[in-house]
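Residue 44 in this note's numbering is what sits at position 31 of the sequence shown, and the numbering runs on without skipping anything. For each residue, glycine too, the CB sits at the ideal point set by N, CA and C.
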Amino acid sequence: MNFILPMSIMVLIIIFLTFRLIFLAGKFIYAKDITIDQFQLYDGEFPDKLKSARYQFQNMFEIPLLFFPLCIAHMILKNATIIDHIFVWGFVICRILHMLIRLQNQRDLNIKSRLITFIISLVFLGAGWIKLLLNSISI
């Protein structure tokens, strides 16, 4: 098994969320709910749906960025086990679930489901890095 597919899925999620943010911004600009000038410094009020989309987009450049070097390290070191693949896929599945939860209206959402998927994804990622370290020590 390789790490290209889970990495590609994460990249496609980021691309999807980028286009979603652009689409929503265009929609609200066209409806005159906001002006394009507001994006220069993110001044003024933005609709909740656009704020939520922006936060979701920004979140993809926080914790998920630690995922890519993990996969690349496994590809370079070639010392991954089935457990490493379980950690990687567990992270990706949790991030997909987290994304789907975040696509809903955040004002009406019970934050517990979002928090739980985030914490579980973080556990998979942390365990993946610890396992990588253990794999590397035993070489």
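Can you round the beta-carbon distance between residue i and residue j to whole angstroms, since I take them to be within the 8 Å contact cut?
i	j	result
Phe100	Phe137	5 Å
Arg108	Arg127	With 8 Å as the limit, Arg108 and Arg127 do not qualify as a contact, their Cβ atoms being about 12 Å apart.
Trp5	Leu83	Absent from the model: residue 5. The displayed extent of the chain is 14 to 152, so no value can be given.
Leu34	Ala86	About 30 Å; that fails the 8 Å criterion.
Leu18	Phe41	About 35 Å separates the two Cβ atoms, so there is no contact after all.
Rounded to whole angstroms, what's the CA-CA distance from residue i to residue j? Just pull it up for me.
i	j	result
His98	Phe16	8 Å
Tyr43	Met112	26 Å
Leu37	Lys125	26 Å
Gln53	Ile95	47 Å
Within a Cβ cutoff of 7 Å, which residues of the same chain sit near residue i, ignoring the five residues on either side of it in sequence?
i	result
Leu110	Thr130
Would the beta-carbon of residue i fall within 8 Å of that of residue j?
i	j	result
Asp61	Arg120	yes
Ser134	Phe104	yes
If you drop the 5 nearest sequence neighbours on each side, which residues of the same chain put their C-beta closer than 6 Å to that of residue i?
i	result
Ile27	Met73
Does the beta carbon of residue i fall short of 7 Å from some heavy atom of the ligand ATP?
i	result
Glu75	The model depicted lacks the ligand ATP and carries no ligand whatsoever.
Counting pairs of beta carbons, one from the region 37-57 and one from the region 77-93, are three or more of them closer than 8 Å? Taking a contact to require three or more Cβ pairs closer than 8 Å, the region 37-57 and the region 77-93 do not qualify as touching.
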